[in-house]
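Contents: one structure, followed by commentary.
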Amino acid sequence: MRKKYTHLFFDLDNTLWDFKTNSRCAMLKTYELLKLDKGSVKFDVFFDEYCRNNDELWLAYRRKEVTKKELTRQRFQLTFDSLDIDTIDALVMNDMYLKEMPKHSHLIDGAREVLDYARSKGYRLFIITNGFKEVQHEKLKQAGLQNYFEKVFISEEIKIPKPGRGIFEHAIKSSNAKKKNSLMIGDDWEVDICGAANFGINAVYFNRLQQPLNNLTGDVTIIGSLKELFLVV
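Position one of the sequence shown corresponds to residue 2 (the numbering used here), numbered consecutively onward.
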């Protein structure tokens, strides 16, 4: 028998909004606007190096080892330094990239169908996302997703990133939810699933990339596609 949930909390990037595809499209456009494609560094090389630096800096940001300003500058500056690019200002490229990103609105397969279904069944829908407020709100707006959700909880606004307990506690209290009636759905094992489980919320791990699983904890359901949520809620 299905558990009775009333509040569904979704991660945004790579759960509903296809961050991998959209970020690549946005970076390619920015790369071309700055005429980096005329240089010796191929885009794929640039993008792979950027992603490596970005992932490491986001981990440091979640641990409060770097600030937002340091993250946004260093992810490009480190990439420039490693590839011997000295013609572009790191913050200029960062600003262009962030403005370009919400213009690309590819969604994960099944995202809109799942949201339509959940809304038709009377679930209350929310977002809990790590990211910058000016970008996350615009992503939802441009993708036509904002009206599905009663509230959007963004780590920068709350000043506590996932997997910290505080952001989940804030979301539960602000949405008048109860832990036992709440479900977190996300694609990041440590950030979304362990974060929710450590706070006492059941979770659905959207493992679309078929990552190996270690240290299963709490009450976690694993799905490989969003449409499998139809069998859970």
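Backbone N, C-alpha and C fix where the C-beta goes; we use that ideal spot for every residue, glycine too.
If you run the structure through DSSP and keep just helix, strand and coil, what is residue i?
| i | result |
| --- | --- |
| residue 196 | helix |
| residue 73 | helix |
| residue 203 | strand |
| residue 80 | helix |
| residue 2 | Caution applies to residue 2, whose pLDDT of 38 falls short of 50 and renders its modelled position unreliable; the model cannot decide the point. |
| residue 92 | helix |
| residue 37 | helix |
| residue 23 | helix |
| residue 160 | coil |
From the DSSP secondary-structure annotation, give me the bridge partner or partners of residue i.
| i | result |
| --- | --- |
| residue 120 | Residue 120 is not bridged to any residue. |
| residue 183 | 8 |
| residue 14 | 18 |
| residue 29 | DSSP output for residue 29 lists no bridge partner at all. |
| residue 108 | 18 |
Tell me whether residue i is buried or exposed, calling it buried when 16 or more other Cβ atoms sit within 10 Å of its Cβ.
| i | result |
| --- | --- |
| residue 213 | exposed |
| residue 93 | exposed |
| residue 225 | exposed |
| residue 2 | Confidence in residue 2 is poor, its pLDDT being 38 and thus under 50, which makes the residue's placement unreliable; the coordinate value appears in the next sentence. Its Cβ having fewer than 16 others within 10 Å, residue 2 is exposed. |
| residue 187 | buried |
| residue 174 | exposed |
| residue 211 | exposed |
| residue 88 | exposed |
| residue 68 | exposed |
How would you write the range of the alpha helix (DSSP H) that residue i sits in, first residue to last?
| i | result |
| --- | --- |
| residue 61 | 44-63 |
| residue 137 | 134-143 |
| residue 175 | 166-175 |
Hey, quick one: how far does the beta strand (DSSP E) through residue i stretch, first residue to last?
| i | result |
| --- | --- |
| residue 155 | 152-155 |
| residue 221 | 221-224 |
| residue 125 | 125-130 |
How about residue i: is its C-beta nearer than 8 Å to some C-beta of chain D?
| i | result |
| --- | --- |
| residue 63 | This model lacks chain D altogether; it includes just one protein chain. |
Query raised in the report: Quick one: any contact between the segment 8-24 and the segment 172-192, if contact means 3 or more CB pairs under 8 Å?
Result: yes
Query - the segment 96-110 / the segment 15-23 touching (three or more Cβ pairs under 8 Å) - result: yes
Requested in this report: Tell me, please, whether the segment 80-88 touches the segment 35-55 by the rule of three or more beta-carbon pairs shorter than 8 Å.
Outcome: yes
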